Amino acid sequence: TIRKYYSPDYGANWTNAQLSTYSNACAMAAAWWGTTDIVVCVIANDTAAYGEINAIVLDTSDQSKAEYSDSDAEGHPLTDIYGIAATFDTDRVCVVFSGKSTVGEYTFSALYRTELSDSYEWLDWTYFLEHADDDDIGCRYPDIHLPQDVRSYESMQLTTVEKYTGITAYSYPLLAHLVRGAEFSQSMFTEPKHFINISSTYGLRIATSDDHWWLERPDGVWRAVRKPADTLDLTPDILSIHQAVNSYNKGYLKIVLDNSTGRYYTPPARGSEVR
2 TIRKYYSPDY GANWTNAQLS TYSNACAMAA AWWGTTDIVV CVIANDTAAY
52 GEINAIVLDT SDQSKAEYSD SDAEGHPLTD IYGIAATFDT DRVCVVFSGK
102 STVGEYTFSA LYRTELSDSY EWLDWTYFLE HADDDDIGCR YPDIHLPQDV
152 RSYESMQLTT VEKYTGITAY SYPLLAHLVR GAEFSQSMFT EPKHFINISS
202 TYGLRIATSD DHWWLERPDG VWRAVRKPAD TLDLTPDILS IHQAVNSYNK
252 GYLKIVLDNS TGRYYTPPAR GSEVR
């Protein structure tokens with residue numbers, strides 16, 4: 002079974018309760034549904050025939066839940082699963098997992114992606130990083146993260162472990178990111194690269210705060226500075242400025258811009274910095 006530990010009073014007291022009777026979980030991950038009271042727990046199961054992914058959607062305001070399972074016996078029958086990851090993006094939960102599959106006489110391991118929509122429907126599985134099973138190498142234990150307040154220069158980040166079982170065996174963390182402007186469903190991640198001089202058997206979890214990107218495993222925490230979003234400089238394109246001030250409201254500032262290059266096809270968000 003799957004159990005939940007939660008605190009209704011910011012950690013003063015904790016409750017231990019059953020979340021689900023779902024069995025044979027081999028990996029789990031969770032993501033909040035934006036800023037709502039809903040959290041989605043995704044579970045990988047490689048004991049079920051052909052492999053299975055199960056989502057438990059929990060409403061923390063009243064502890065009600067629903068479950069949504071998915072498998073792909075015809076397209077991607079799995080014999081093993083090596084970790085699963087989840088993050089929220091706009092109106093869906095994006096999921097990446099590592100698995101092994103056999104199609105005909107060809108056995109390979111790969112990173113797969115799917116997503117759970119806001120109507121709780123699963124997207125077809127697709128793999129985007131593949132290694133033949135006889136290569137003694139594969140990518141396992143992925144994690145993905147997209148900041149809630151994603152900045153203009155940021156995109157979804159992915160960590161995974163490159164596991165080699167040959168003569169000089171190793172397990173090195175790799176880092177990749179979703180190509181700017183691409184949809185998660187397109188599986189357009191950059192080539193994973195070595196980025197930190199450590200070994201990690203079971204991967205690195207990734208998260209963000211206002212000022213930093215964070216990586217963690219049970220015996221260590223690493224961080225990198227997260228720079229502020231770039232300000233919007235309108236100066237080169239200003240054609241005219243008109244300011245109105247009066248006693249009964251705050252007035253306004255009207256700026257006419259040259260948009261001949263299409264730079265301002267999306268209006269700045271209210272409250273954005275202008276210099």
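Residues 2 to 276, numbered by the numbering used here, are exactly what the sequence shown covers, in order. C-beta: ideal position from N, C-alpha, C; glycine also. Every value quoted in this text rests on a predicted model; they were computed, and no experiment measured them.
- Query: In chain order, what residues of the same chain have a beta carbon less than 7 Å from the beta carbon of T191, not counting five sequence neighbours either side?
  - Reply: Position 190 of the sequence shown, counted from the start, is the residue given in the question as residue 191. Within the same chain, T191 has close Cβ partners A177, H178, V180.
- Boundaries (first-last residue) of the beta strand (DSSP E) holding D60: Here residue 60 is taken as the residue at index 59 of the sequence shown, counted from 1. Element bounds for D60: 53-60.
- Task: Answer with buried or exposed for I239, where buried requires no fewer than 16 other C-beta atoms within 10 angstroms of its C-beta.
- Result: Walking along the sequence shown from the start, residue 239 turns up at place 238. Counting Cβ neighbours within 10 Å, I239 comes out exposed, since fewer than 16 surround it.
- Close Cβ partners of E68 (< 8 Å) along its chain, the five nearest in sequence each way excluded: In the sequence shown, counting from the first residue as 1, residue 68 sits at position 67. S21, Y23, N55, A56, I57, V58.
- CA nearest to the CA of W126, picked from I145, S72, P143: As a position in the sequence shown, residue 126 is number 125, starting the count at 1. The shortest C-alpha separation from W126 is found at S72.
- Query: Using the beta-carbon count (16 or more within 10 Å), is G182 buried or exposed?
  - Reply: By one-based count along the sequence shown, residue 182 stands at place 181. With fewer than 16 other Cβ atoms within 10 Å, it is exposed.
- Where does Q64 fall in DSSP's three states? In the sequence shown, residue 64 corresponds to position 63, counting from 1. Judged by DSSP in its simplified three-state form, Q64 adopts coil rather than helix or strand.
- Query: Okay, do the stretch 167-175 and the stretch 194-212 touch, 3+ Cβ pairs below 8 Å being the bar?
  - Reply: Touching, yes.
- Task: Have a look at T166, E122, T161 and flag the residue whose alpha-carbon is nearest the alpha-carbon of I138.
- Result: Walking along the sequence shown from the start, residue 138 turns up at place 137. Considering only T166, E122, T161, the residue with the shortest C-alpha distance to I138 is T166.
- Message: I need the DSSP call for S102, collapsed to helix, strand or coil.
- Response: Residue 102 sits at position 101 when you count from the first residue of the sequence shown. Three-state result, S102: strand.
- Message: Which residue wins for smallest C-alpha separation from Y128, given the options D47, S120, Y113, D119?
- Response: Along the sequence shown, read from residue 1 onward, the residue named residue 128 stands at position 127. Ranking D47, S120, Y113, D119 by Cα distance to Y128 puts Y113 first.
- Message: If you reduce the DSSP assignment to three classes, tell me which class T166 lands in.
- Response: In the sequence shown, residue 166 corresponds to position 165, counting from 1. DSSP, read as helix, strand or coil, puts T166 in coil.
- With a Cβ-Cβ cutoff of 8 Å, do Y83 and S99 count as a contact? Here residue 83 is taken as the residue at index 82 of the sequence shown, counted from 1. Here residue 99 is taken as the residue at index 98 of the sequence shown, counted from 1. Yes, the Cβ-Cβ distance between Y83 and S99 is below 8 Å.
- Message: In the DSSP assignment, the beta strand (DSSP E) including P237 goes from what residue to what residue?
- Response: The residue given as residue 237 occupies position 236 in the sequence shown. Secondary structure note for P237: it is in no beta strand (DSSP E), with a DSSP letter that is neither H nor E.
- Go to L44, then tell me how far its beta strand (DSSP E) extends in each direction, as first and last residue. Taking the sequence shown and counting its residues from 1, the one referred to as residue 44 is at position 43. According to the sequence as given, residue 44 is Ile; it is not Leu. Element bounds for I44: 39-46.
- Cβ contact check for the stretch 87-104 and the stretch 37-56: 3 or more pairs under 8 Å: The answer is yes - the stretch 37-56 touches the stretch 87-104, with three or more Cβ pairs under 8 Å.
- Task: Would you mind stating whether F109 and D134 have Cβ atoms separated by less than 8 Å?
- Result: Mapped onto the sequence shown, residue 109 falls at position 108. Mapped onto the sequence shown, residue 134 falls at position 133. In contact: F109 and D134 (Cβ atoms closer than 8 Å).
- Message: DSSP has G221 in a bridge; who is on the other side?
- Response: Here the question's residue 221 lines up with position 220 in the sequence shown. DSSP, once it has assigned bridges, lists R218 as partnering G221.
- Message: Buried or exposed for E122, going by 16 or more other Cβ atoms inside 10 Å?
- Response: Along the sequence shown, one-based indexing puts residue 122 at 121. Classification of E122: exposed, given that the 10 Å Cβ count is below 16.
- Euclidean distance between Cα positions of G252 and S188: Against the sequence shown, residue 252 aligns to sequence position 251. Against the sequence shown, residue 188 aligns to sequence position 187. Rounded to the nearest angstrom, the gap between the Cα atoms of G252 and S188 is 47 Å.
- Item | V246, buried or exposed, once every other Cβ within 10 Å from all chains shown has been counted against 16 | Here residue 246 refers to the residue found at position 245 when the sequence shown is read from its first residue. Per the 10 Å Cβ criterion, exposed.
- For the ligand SAM, any of its heavy atoms closer than 7 Å to the Cβ of W123? In the structure shown, the ligand SAM is absent, as is every other ligand, since no ligand is present at all.
- Using the rule of at least 16 other Cβ atoms within 10 Å of the residue's Cβ for burial, across every protein chain shown, is R276 buried or exposed? Here residue 276 refers to the residue found at position 275 of the sequence shown. Annotation note: pLDDT 45 at R276 (below 50); position unreliable, coordinate value reported separately. Result: exposed.
- Item | Residue range of the unbroken beta strand (DSSP E) whose run includes T279 | Beyond the ends of the chain as shown, which are 2 and 276, falls residue 279; an answer cannot be given.
- Between A74, R218, L117, F185, which lies nearest to Y142 when the distance is taken from Cα to Cα? Here residue 142 is taken as the residue at index 141 of the sequence shown, counted from 1. Nearest in C-alpha terms to Y142, of all of A74, R218, L117, F185, is R218.
- Item | Test item: CB-CB of G204 and T160 under 8 Å | Within the sequence shown, the letter at position 203 stands for residue 204. Within the sequence shown, the letter at position 159 stands for residue 160. Yes, these two residues count as a Cβ contact at 8 Å.
- Can you give the beta carbon distance from D212 to V226, rounded, assuming they're within the 8 Å contact cut? If you number the sequence shown from 1, residue 212 lands on position 211. If you number the sequence shown from 1, residue 226 lands on position 225. Between the beta-carbon of D212 and that of V226 there is about 7 Å, and that keeps the pair under the 8 Å contact cut.
- Count the other CB atoms within 10 Å of the CB of H77; is the residue buried (16 or more) or exposed (fewer)? Your numbering for residue 77 matches position 76 in the sequence shown. So H77 counts as buried.
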